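Novice: This is the structure I have questions about; it appears just below.
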Amino acid sequence: MSSARDQVQRLLALVPYLRENDGARVDDVAKEFGVRPKQIIADLKVLWFCGLPGAQMGDLIEIDIESAEGEGVIHINNADYLARPLRLAADEALALLTALRTLREVTAGPDRDAVDRAIAKLERAAGEAAAASEGAAAHVHVEPAAPEIAEIVNRGLATKRRLHLTYDVPSRDETTERDVDPMRLVVSEGRTYLEAWCRLAEDVRLFRLDRIADVKLLDLPSEPPPEATPRDLSNGMFQPSERDLLATLRLAPPARWVAEYYPNESVEEGPEGSLIVKLRVADTNWLQRLVLRLGGAATVLDPPELSTQIAATARDALSAYDV
């Protein structure tokens, strides 16, 4: 699904593109903009009602919708005022340069060359603002992945082919093998992640590129199912799922910060200044490490088998010190 913001950005670029490519086919335009043909038709129907102030017949953009829907060919007229893409203001150019420099860190091969060309072109167009951005703009540091790993992952995304990952999972001290259908690359907190439909977990998963020990490009199409939608990462990388285990913790006053730091289902006041918190847990090893780190300030109330497991781990750790 296309968000309203994405659609507005696409519409502003779509008009000058169609003016330069009169008679373009709907399928070709959809590929160019990375959306489905039906989304381009929907965009055209929005543009049909756009134009100069006044909204009279002569003020609106003219589009042959019948031709677009019937023959799959797009013709556009009366859009001279949008014949060229909008000019970027200095702050917009600076923001775009910062984004491109970040993108450069997660691409490889021909894709990185394309990003370099875009950066060079934007720097020439932006002039002094671009020069200032080198010294004043925030540079996003991204932990590098092995170039050969990044190149194959990018190729899988570009060609829409399935990948076979050999992936290190430090929390379980193991290496897993799995096939994934790549969806996109995301950068968060200085790390690059591949978001993909994992055929082992049968769910959308995020894989850190620097933890991919090996990757193979398979001769199979990448076909994420309809329910495989990109995660909303605006609130952080950890996004609990209904499929995750629901755990209940009692947090003593020194550990109350956990309720604010981690996403949770509910928080209630408990006895003696404690909190009763319910949170979803995808990895019980993670919760075990958290509870052990908090010492006596955190207690697992439910599920009881997890509480028993953590208590046994704590006893084993103490026995190693002859306590």
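With UniProt numbering applied, the sequence shown has no gaps in its numbers, which climb one by one up to 323 at the end.
Glycine included, C-beta positions come from ideal geometry on N, C-alpha and C.
Here the structure is a predicted model, which means the values were calculated and not measured.
Tell me, to the nearest whole angstrom, how far the beta carbon of Asp302 is from that of Thr248; I am working on the premise that it is less than 8 Å.
Specialist: 4 Å between Cβ atoms; contact.
Novice: How far does the alpha helix (DSSP H) with Lys31 in it reach, from first residue to last?
Specialist: Start and end: Val26 to Phe33.
Novice: Compare the beta carbon distance of Arg162 and Ser222 with 9 Å and say whether it is the shorter of the two.
Specialist: Yes, the Cβ-Cβ distance between Arg162 and Ser222 is below 9 Å.
Novice: Confirm, please, whether the CB-CB distance from Val277 to Val291 is below 9 Å.
Specialist: The answer is no: Cβ separation not under 9 Å.
Novice: Would Ile201 pass as a contact of Pro182 if the rule is Cβ separation under 9 Å?
Specialist: Inspection of the sequence shows that residue 201 is occupied by Ala rather than by Ile. No, the pair does not count as a contact, with Cβ atoms beyond the cut-off.
Novice: Flag this pair as yes or no: are the beta carbons of Leu246 and Val281 separated by less than 9 Å?
Specialist: For Leu246 and Val281, yes; Cβs fall inside 9 Å.
Novice: CB Asp210 to CB Thr192, shorter than 9 Å?
Specialist: The answer is yes: Cβ separation under 9 Å.
Novice: Under 6 Å Cβ to Cβ from Ala255, same chain only, skipping five residues before and after it: list those, please.
Specialist: Within the same chain, Ala255 has close Cβ partners Leu294, Ala297 and Ala298.
Novice: If we call anything under 9 Å between Cβ atoms a contact, is Leu287 one with Arg250?
Specialist: Going by C-beta atoms, Leu287 is not nearer than 9 Å to Arg250.
Novice: Would you say Ile65 and Lys45 are within 9 Å of each other, going by their C-beta atoms?
Specialist: It is a contact, given that the beta carbons lie within the stated cut-off.
Novice: Among residues of its own chain, excluding the 5 on either side of Lys160, which ones have a beta-carbon nearer than 7 Å to its beta-carbon?
Specialist: Contacts found: Pro221 and Ser222.
Novice: What span of residues does the alpha helix (DSSP H) with Arg256 cover, start to end?
Specialist: Run containing Arg256: none; DSSP gives neither H nor E here.
Novice: If the criterion is Cβ atoms closer than 9 Å, does the pair Ile40 and Ala68 meet it?
Specialist: Yes. Within cutoff.
Novice: According to the neighbour-count rule (16 or more other Cβ atoms, all chains shown, within 10 Å of its Cβ), is Leu318 buried or exposed?
Specialist: The residue is exposed, with fewer than 16 neighbouring Cβ atoms inside 10 Å.
Novice: Closer than 6 Å by C-beta to His164: which residues in its own chain qualify, once you throw out the five before and the five after it? Chain order, please.
Specialist: Taken in chain order, the residues that qualify are Asp179, Lys216 and Leu218.
Novice: Hey, Arg205 and Cys198: beta-carbon distance below 9 Å or not?
Specialist: Yes, these two residues count as a Cβ contact at 9 Å.
Novice: For the alpha helix (DSSP H) containing Thr229, list its first residue and its last residue.
Specialist: Per DSSP, Thr229 belongs to no alpha helix (DSSP H) and is neither H nor E.
Novice: Check each candidate in Glu174, Arg112, Glu123 and Glu32 and name the one with the smallest Cα separation from Ala150.
Specialist: For Ala150, the nearest C-alpha among the options comes from Arg112.
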